[in-house]
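This report refers to the structure that appears directly beneath it.
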DNA sequence: AATTTATTTTGCGAATTTCGTAATGAAACA
DNA sequence: TGTTTCATTACGAAATTCGCAAAATAAATT
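Protein chains in written order, with my numbering: chain Y, 3 to 163; chain W, 3 to 163.
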């Protein structure tokens, strides 16, 4: 995979704000040709560095309850539990972690009742979940889906499988 | 705000997979005119239902360490702490929660060392953080940035401020 | 250092998409 | 039934994307 240089990062930065910014516009901002932007974007896409998506506002879709749930799983069942959870549409995030909880998931619901039904009925049905620690989101202060600009170029180690 | 109907949801679903799908293409798939797609999308954007963004792969950007950190804050300092945290580029998510932790944040780093430096130097500098409970992400099983298709239309309560 | 080789950038014309806008159609209301 | 409102459609104009070949750059080799 080719190294991601400063121009690439600038492209990503721009697309972060508006994923539909025309190539011509990006080209103009970065003072290169449209073809350059196009070839770089298609390379970044090919390398799986980023993808075009949309970000929806859960509240506007009627999902007013968002919860993080820390799970303790029975030894040896973690992976299976994770995969089962990932199948559920309410669950928007599943990760295995070190620390207090073996798995942490994020899920969203229309209301508190749906949440409690989820915990009591859906989670309890999954074999291997020992405990669930629910945290209800009261207010969101930040959420960024793009990691551009965190560790700059120099932090990039040479290569990686 | 106008009700989000099935066509809107289908549009969002398509854009979820590829945020650059042309209006003409969506129109063709949904068997309506391009103008309809265009007017619906601009309305959804105006209503803040969604926005065009990109999703970058942290690993491809050299960010191999992702952590969730549960924070306990001093009573009355939660909001200020949250705002300070939101300013940090490493921090990609900040939320206030009910439950074990007052705040939960997500942050990413190039390596473990940067993480420990962050916890020991950045977090400790913020006035009002009582305790930090770090969970290291070992594996990610699912992450969806769009909530379309969770609670279908019928789950949408009438209106909301 | 010179030459080859590989890669990136640029510059067009053609195809496609988006945009502006006015006409049409459909639902809500009086 | 007539009126108002709002969504959909149609279509030409403007802008964007695409395909591709030439030029420029960078990297590798001798």
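Glycine included, every Cβ here is placed at the ideal spot set by N, Cα and C.
is_contact[residue 91 of chain W, chain Y] using C-beta, thresh 7 Å: So, interface residue.
Alpha-carbon spacing of residue 115 of chain Y relative to residue 151 of chain W, whole angstroms: 18 Å
Cβ-based burial, residue 132 of chain W [other Cβ within 10 Å; buried from 16]: exposed
8 Å contact criterion, which residue 73 of chain Y and residue 105 of chain Y should meet: CB distance rounded: 4 Å
Straight-line Cα distance separating residue 7 of chain Y from residue 16 of chain Y: 15 Å
For residue 11 of chain W, three-class secondary structure by DSSP: helix
Residue nearest to residue 20 of chain Y in terms of C-alpha spacing, selected from W:53, W:58 and W:124: Considering only alpha carbons, the answer is W:53.
Partner residues on chain W for residue 12 of chain Y, Cβ-Cβ distance less than 9 Å: In chain order: nothing, as chain W lies at least about 13 Å away.
Residues sharing a beta bridge with residue 146 of chain W, DSSP: Partner(s): none; residue 146 of chain W has no beta bridge.
Pairwise C-alpha distance: residue 111 of chain W and residue 49 of chain Y: 21 Å
Spatial neighbours of residue 109 of chain Y in its chain, beta-carbon cut-off 6 Å, leaving aside the 5 residues before and after: 69, 92 and 93
CA-to-CA distance, residue 63 of chain W to residue 10 of chain Y, given in whole angstroms: Spanning the two alpha carbons is a distance of roughly 11 Å.
Sub-7 Å separation of residue 83 of chain W and residue 75 of chain W beta-carbons: yes
Beta-ladder partner(s) of residue 139 of chain W, from DSSP: The bridge partners DSSP lists for residue 139 of chain W are Y:99.
Any non-hydrogen atom of the ligand MG closer than 6 Å to residue 69 of chain W Cβ: With respect to the ligand MG, the structure shown offers nothing to examine, as it has no ligands at all.
Proximity test, Cβ basis, 7 Å: residue 26 of chain W and chain Y: It does not; no Cβ of chain Y falls within 7 Å.
Segments of 3+ residues assigned as beta strand (DSSP E) that fall wholly inside the region 34-58 of chain W: 52-58
Within 7 Å, strictly: CB atoms of residue 95 of chain W and residue 145 of chain Y: yes
Where residue 26 of chain W sits in the DSSP three-state scheme: helix
Buried versus exposed call for residue 31 of chain W [16 or more other C-beta atoms within 10 Å across all chains shown]: Answer is exposed; the Cβ neighbour count stays below 16.
Start and end residues, beta strand (DSSP E) containing residue 67 of chain W: First-last of the beta strand (DSSP E) with residue 67 of chain W: 67-75.
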